[in-house]
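Just so we're aligned, residue 26 is where the sequence shown starts under my numbering, counting upward by one. Quick reminder that beta carbons are idealized off the backbone N, C-alpha and C, glycines included.
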Amino acid sequence: MRGGALEDIVSFTPVDGSRQKITVASLREKKNHRDPITCLTAYDYPSARLIDEGEIDIVLVGDSLAMTMLGYENTLSVTVDEMLHHVRAVRRGVKHALLIADMPFGSYHASAEDAVRNATRFMKDGAEVVKVEGGEKRADLIRRIIDAEIPVAGHIGLTPQSVNLMGGYKVQGKSLTDIEQLMRDAVALDRAGVACIYLEGIPREVAAMITAEVSAPTIGIGAGPDCDGQVLVFHDVLNLTFSEPAKFVRRYGDAGGMISQAVRTFKADVEARQYPSDAESYHLPKETKTALESVLERKRAMRR
Ligand code: KIV
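If you want it as structure tokens, here you go:
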């Protein structure tokens, strides 16, 4: 269902051009106005600040931090406590963007009570929306979390927490049966009332069909240009990973190269006694220096 006259009156862009807080409602307005939604992952205070000051709509504390920040092999190992440590850091850096955080593997699978308890911890630590992976089969759970006043983002297609079930990180939705399931998943999440739906690793055509069908904004990653918005992993964008990027990744900078170069230059400067220079050193106040010189001179004279 697309928006009508009310959304045109209650615009998310303030008349004076100043920045307004992005909310779940403003994501819907963006979809209705066909304004692309931007989202980047952030896992710490400085990246969160830079992203927020870059006027990105959504900051996602993704469980991809398991690999990008903590060096785990996949997302399965990361715990609620580890995620919350990063949520709190990101919260301190974000003023305007909507802060969405991933509920990690195992934190919403055992029971709805457990899921609501864990989701509540995320909200208390500063998340505004929690994200859970899975479609149709998560719809009732998502309703329970929303009933606890906690907005939920869905995530379907290539869902990394299901890597073992999927048999690897494979593009999903390539057969007619799989497309039908993905459509059912998207519609079930939409009816459950999700704030938005992340579409990961699915053919462009399928993402376009889902985007046209659901009222919730879709945010794509490896899902083509027809989604309502796009998300990328911060470390992919900046070449801060140690692996070949996926096909959909576009690198917008080479922070990895810059950091390597800076590390090597620091080492060379220290080894060549080029760092620090006199200008980079602290000095005694003039009077102390004069007094110290006379003490040293007296000591030298006594030794003679
Ligand atoms: O964890 C993550 O970074 C994500 C995005 C890829 C959507 O879930």
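(message) Using the three-state DSSP reduction, which class does glutamine 186 fall into: helix, strand or coil?
(response) helix
(message) If you measure between the beta carbons of leucine 207 and isoleucine 167, is that distance less than 9 Å?
(response) no
(request) Name the residue from Asn99, Glu78, Glu80 and Gly79 whose alpha carbon lies nearest to the alpha carbon of glycine 87. (result) Asn99
(message) On the criterion of 16 or more Cβ atoms from any shown chain inside 10 Å, does aspartate 82 qualify as buried, or is it exposed?
(response) buried
(message) To the nearest angstrom, how far is the alpha carbon of alanine 114 from that of valine 103?
(response) 16 Å
(request) Using only alpha-carbon positions, find the residue among Gly226, Asp279 and Ser268 that is nearest to glutamine 255. (result) Gly226
(message) Buried or exposed, going by whether 16 or more other CB atoms sit within 10 Å of the CB of histidine 180?
(response) buried
(message) Taking 8 Å as the cut-off, does the stretch 242 to 261 touch the stretch 213 to 225 (at least 3 CB pairs, one atom from each stretch)?
(response) yes
(request) Count the other C-beta atoms from every protein chain shown that fall within 10 angstroms of the C-beta of methionine 308, then say buried if there are 16 or more, exposed otherwise. (result) Note that residue 308 is histidine in the sequence shown, not methionine. By the 10 Å Cβ count, histidine 308 comes out exposed.
(message) Starting from threonine 243, trace the beta strand (DSSP E) in both directions and tell me its first and last residue.
(response) 243 to 246
(request) Give the DSSP-derived three-state secondary structure of alanine 178 in the structure shown. (result) strand
(request) Using three-state DSSP, classify threonine 63 as helix, strand or coil. (result) strand
(request) Can you have a look at asparagine 189 and say buried or exposed, based on whether 16 or more other CB atoms are within 10 angstroms of its CB? (result) exposed
(message) Which residue marks the beginning of the beta strand (DSSP E) containing tyrosine 223, and which one marks its end?
(response) 221 to 225
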